[in-house]
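Just so we're aligned, residue 0 is where the sequence shown starts under numbering that gives the first Met the number 0, counting upward by one.
Notes follow once the structure below has been shown.
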Amino acid sequence: MDSDVIIIGAGVIGCAIAYNLGKAGVKTLVIDKADGVGREASWAGAGVLTSHASTREPYPELCRASLAIYPSLADELKASTRIDIEFIQSGTLSLFFDEEEKDGLIGLAERRIDRGFSAEVLTAEQVWEIEPAVSRSVVGGVRFPEDAQVRNPKLVRALSKGAVLSGARFLLGNPVDGFVREKDRISGVKVNGEIFRGDTIVIAAGCWSGALAKELGVHLPIQPSRGQIVLVDTMPLVLRHTIDGLGVYVVPRSDGKILIGATVEFVGYDKRTTLVGVQQMIEAGTTLIPKLAEMSFTQAWAGLRPHIRNGPCLGKLPGLDNVIIASGHFKNGILLAPITGALISELITTGVPSLSLEPFSPSMN
Ligand SMILES: Cc1cc2nc3c(=O)[nH]c(=O)nc-3n(C[C@H](O)[C@H](O)[C@H](O)COP(=O)(O)OP(=O)(O)OC[C@H]3O[C@@H](n4cnc5c(N)ncnc54)[C@H](O)[C@@H]3O)c2cc1C
0 MDSDVIIIGA GVIGCAIAYN LGKAGVKTLV IDKADGVGRE ASWAGAGVLT
50 SHASTREPYP ELCRASLAIY PSLADELKAS TRIDIEFIQS GTLSLFFDEE
100 EKDGLIGLAE RRIDRGFSAE VLTAEQVWEI EPAVSRSVVG GVRFPEDAQV
150 RNPKLVRALS KGAVLSGARF LLGNPVDGFV REKDRISGVK VNGEIFRGDT
200 IVIAAGCWSG ALAKELGVHL PIQPSRGQIV LVDTMPLVLR HTIDGLGVYV
250 VPRSDGKILI GATVEFVGYD KRTTLVGVQQ MIEAGTTLIP KLAEMSFTQA
300 WAGLRPHIRN GPCLGKLPGL DNVIIASGHF KNGILLAPIT GALISELITT
350 GVPSLSLEPF SPSMN
């Protein structure tokens, strides 16, 4: 059966695009090599949603626009799919241990305030008042109350279920292993010798997207970046905020477990957890929150983030008017999924996304 749009990849990005296209009445086929949706980076991610304010505009503008969609998306998905994606505005408490870190965080706080967010600079005593479990060696902190978290596996399930409810089809357990080219168009994809035809092809295959673009003659250096996470069982919960410091974040989940993440490693397509990676997370996590050392270790895992310089990469592939790439979201794919889904859907249905995709064009890489 032919489709209007074929999406390669049922991670959070592919599912967010399918969900938005479904709402616009577009017939979509989503194909994934894994047996279920969101089995790769989108499962492994920590689900931290941050109100970014780096100096590299318009990237932080994209992040903020996506964060702004979350509250209504959570309600919408709960009503239509009955899945609670556990969007919680728990806030981030970023800790500093010396004057240099303090200056950096105060600069960040000022930039966030300039962009309409709140930030409170706290003394060590004020930090311990709101988070008594934080280390006694902290010098102070900055609280970012609008930062939030979501349970990413539930988000992917809800987006895919929402897409199915509006007519999308999913072909799982099958890799796309080739394309059908007709002059300057790609008219379909090959899956185990079978051809599926579509008017538009979207590559949302995470860190595997570069290999698919290469088959189409386009060089996109999207690389896997391994992230390792440690999960700890803490009951009762010793934290309210996501704690950020010493290069890690410690995320209290609503089920009483705490995540400590994540390493950033460029080791190819290797999803193993390593003793040194887990050790780094445990050392930094227990230095921030010494009480964690008494808690039970539940699990450690690793996932592969899609990394590309100047990412994410969003838009038409050079020379191929009907192939769109949506990948390279690196550390912020969960955060950026709602806006990516909306903008790619607008690009396909109207040709004019409500935020310019020009700065994220594949030709920038
Ligand atoms: C440890 C860790 C912590 C993270 N923490 C956060 C966080 O706190 N906040 C945040 O916003 N982001 C976070 N991220 C990043 C985020 O998880 C990713 O950016 C995001 O999940 C990328 O989504 P994706 O859909 O592009 O890729 P993926 O989830 O990897 O999905 C790509 C899909 O494409 C499929 N595929 C690949 N090749 C083919 C093919 N040939 N045919 C068919 N299917 C194919 C794969 O099977 C996969 O399902 C984290 C990531 C990691 C690893």
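Ideal placement from N, C-alpha and C gives every residue a C-beta, glycine not left out.
Residue from Ile-228, Ser-208, Leu-230 whose Cα sits closest to the Cα of Pro-220
Locating residue 220 in the sequence shown gives position 221, where the first residue counts as 1. When each option's Cα is compared against that of Pro-220, the closest is Ser-208.
To the nearest angstrom, how far is the alpha carbon of Leu-268 from that of Thr-49?
The residue given as residue 268 occupies position 269 in the sequence shown. The residue given as residue 49 occupies position 50 in the sequence shown. Checking the displayed sequence, the identity of residue 268 turns out to be Tyr instead of Leu. Roughly 27 Å between the two C-alpha positions.
Evaluate Thr-349 with the Cβ neighbour count: other Cβ atoms within 10 Å of its Cβ, from every protein chain shown; 16 or more gives buried, anything less gives exposed.
Here residue 349 refers to the residue found at position 350 when the sequence shown is read from its first residue. Burial call: exposed.
Could you have a look at Ala-17 and say whether DSSP puts it in helix, strand or coil?
What you label residue 17 is simply residue 18 of the sequence shown in a count that begins at 1. Residue state, collapsed to three classes: helix.
Ala-283 beta carbon near ligand 1 (any heavy atom closer than 7 Å)
Within the sequence shown, residue 283 is the residue found at index 284, counting from 1. It does not: the Cβ of Ala-283 is nowhere closer than 7 Å to a heavy atom of ligand 1.
Let me check understanding here. Comparing Cα to Cα, which of Cys-62, His-51, Ala-336, Ala-9 lies closest to Glu-367?
As shown, the chain starts at 0 and ends at 364. That puts residue 367 outside it, with no answer to give.
Mind the definition here: the stretch 156–165 touches the stretch 16–36 only if three or more C-beta pairs lie below 8 Å; say whether that holds.
yes
Report the three-state DSSP secondary structure of Phe-195 (helix, strand or coil).
Sequence index remark: in the sequence shown, residue 195 carries index 196 (1-based). If DSSP states are grouped into helix, strand and coil, Phe-195 belongs with the strands.
Can you check whether the CB of Val-126 is closer than 8 Å to the CB of Ile-347?
To locate residue 347, count along the sequence shown from 1; it is residue 348. To locate residue 126, count along the sequence shown from 1; it is residue 127. Cβ distance not < 8 Å, so Ile-347 and Val-126 don't count as in contact.
Should Ile-200 and Val-322 be called a contact, given that it needs their Cβ atoms to be closer than 8 Å?
For this step, residue 200 is matched to residue 201 along the sequence shown. For this step, residue 322 is matched to residue 323 along the sequence shown. The answer is yes: Cβ separation under 8 Å.
On the three-pair Cβ rule with 8 Å, is the stretch 83–91 touching the stretch 163–177?
no
Helix, strand or coil at Tyr-58 [DSSP, three-state]
Within the sequence shown, residue 58 is the residue found at index 59, counting from 1. Residue state, collapsed to three classes: helix.
Whole runs of the beta strand (DSSP E) within the stretch 277–324, excluding any shorter than 3 residues:
295–306, 312–316
Return the chain-ordered list of same chain residues with a C-beta closer than 8 Å to the C-beta of Tyr-69, the five sequence neighbours on each side being excluded.
As a first step, residue 69 is located in the sequence shown; it is residue number 70 there, counting from the start. So the list reads Leu-48, Phe-86, Ala-147, Val-149, Pro-337, once near-sequence residues are dropped.
List in chain order: all unbroken alpha helix (DSSP H) runs of 4+ residues lying wholly within the stretch 218–289.
274–287
Would you kindly work out how many angstroms separate the C-alpha atoms of Lys-252 and Glu-345, rounded to a whole number?
Stepping through the sequence shown from its first residue, residue 252 is reached at position 253. Stepping through the sequence shown from its first residue, residue 345 is reached at position 346. For the sequence presented, residue 252 should be read as Arg rather than Lys. The alpha-carbon atoms of Arg-252 and Glu-345 are separated by roughly 34 Å.
Is the beta carbon of Gly-197 closer than 8 Å to that of Ser-362?
The residue you call residue 362 lines up with position 363 of the sequence shown. The residue you call residue 197 lines up with position 198 of the sequence shown. No, the pair does not count as a contact, with Cβ atoms beyond the cut-off.
For a test of the three-state rule: what should DSSP assign to Thr-349, helix, strand or coil?
Numbered from 1 along the sequence shown, position 350 holds the residue referred to as residue 349. Correct three-state label for Thr-349: coil.
Using 8 Å as the threshold, is the C-beta distance between Asp-343 and Ile-16 below it?
Here the question's residue 343 lines up with position 344 in the sequence shown. Here the question's residue 16 lines up with position 17 in the sequence shown. One point to set straight first is that residue 343 is Ile, not Asp, in the sequence displayed. A contact, by the Cβ cut-off of 8 Å.
Applying the criterion that 16 or more other CB atoms from any shown protein chain within 10 Å of the CB defines a buried residue, is Met-234 buried or exposed?
Residue 234 sits at position 235 when you count from the first residue of the sequence shown. Exposed, because fewer than 16 other Cβ atoms sit within 10 Å of the Cβ of Met-234.
For the beta strand (DSSP E) containing Ser-2, name the first residue and the last one.
Looking up residue 2 in the sequence shown gives position 3. Segment 2–7, the beta strand (DSSP E) holding Ser-2.
Just list the alpha helix (DSSP H) runs in the stretch 61–117, keeping only unbroken ones of 4 residues or longer that don't cross its boundaries, in chain order.
98–113
Could you check what DSSP says for Ser-360 in three-state terms: helix, strand or coil?
Position 361 of the sequence shown, counted from the first residue, corresponds to residue 360. If DSSP states are grouped into helix, strand and coil, Ser-360 belongs with coil.
Is Gly-314 buried or exposed, if buried means 16 or more other CB atoms sit within 10 Å of its CB?
In the sequence shown, residue 314 corresponds to position 315, counting from 1. That one is buried.
Skipping 5 residues on each side, what residues in its chain have a beta carbon closer than 8 Å to that of Leu-354?
Mapped onto the sequence shown, residue 354 falls at position 355. Once the five neighbours on either side are set aside, the close Cβ partners of Leu-354 are Pro-57, Glu-60, Leu-61, Ala-64, Ile-338, Leu-342.
Going by alpha carbons, who is nearest to Val-229 out of Leu-215, Val-188, Ala-283, Leu-238?
Against the sequence shown, residue 229 aligns to sequence position 230. Checked all of Leu-215, Val-188, Ala-283, Leu-238; the closest Cα to Val-229 is Ala-283.
Under 7 Å from any heavy atom of ligand 1, does the C-beta of His-328 make it?
Within the sequence shown, numbered from 1, the residue matching residue 328 stands at position 329. Within the cutoff, so yes.
Which residue wins for smallest C-alpha separation from Ile-112, given the options Phe-143, Lys-213, Gln-278, Ala-212?
Here residue 112 is taken as the residue at index 113 of the sequence shown, counted from 1. If we check each option's Cα against that of Ile-112, Phe-143 comes out closest.
Quick check: Gly-10 and Leu-76, are their CB atoms within less than 8 Å of each other?
Start at 1 with the first residue of the sequence shown, and residue 10 comes out as number 11. Start at 1 with the first residue of the sequence shown, and residue 76 comes out as number 77. No; because the gap between Cβ atoms is not below 8 Å, this pair is not in contact.
Just checking my contact of Ile-185 with Leu-215 at CB under 8 Å: how many whole Å lie between their CB atoms?
Reading the sequence shown from its first residue, position 186 is the one you call residue 185. Reading the sequence shown from its first residue, position 216 is the one you call residue 215. That belief holds up - the Cβ atoms of Ile-185 and Leu-215 are roughly 7 Å apart, short of 8 Å.
Would you check whether ligand 1 has a heavy atom nearer than 7 Å to the C-beta of Ile-6?
Taking the sequence shown and counting its residues from 1, one reaches residue 6 at position 7. No; taking the cut-off as 7 Å, the Cβ of Ile-6 has no heavy atom of ligand 1 nearer than that.
Between which two residues does the alpha helix (DSSP H) harbouring Ser-159 extend?
Walking along the sequence shown from the start, residue 159 turns up at place 160. Run containing Ser-159: 151–164, per the alpha helix (DSSP H) assignment.
Have a look at Glu-98 and Gly-276 and give me their C-alpha separation to the nearest angstrom.
Working through the sequence shown from its first residue, we reach residue 98 at position 99. Working through the sequence shown from its first residue, we reach residue 276 at position 277. Going by the C-alpha atoms only, they are around 28 Å apart.
On the DSSP letters alone, give me the boundaries of the beta strand (DSSP E) that Ala-189 sits inside.
To locate residue 189, count along the sequence shown from 1; it is residue 190. According to the sequence shown, residue 189 is Lys rather than Ala. Note, Lys-189: beta strand (DSSP E), 184–190.
In the DSSP output, which residue or residues are listed as bridge partners for Ala-147?
Counting from 1 along the sequence shown, the entry for residue 147 is found at position 148. Answer by DSSP bridge pairing, in chain order: Leu-48.
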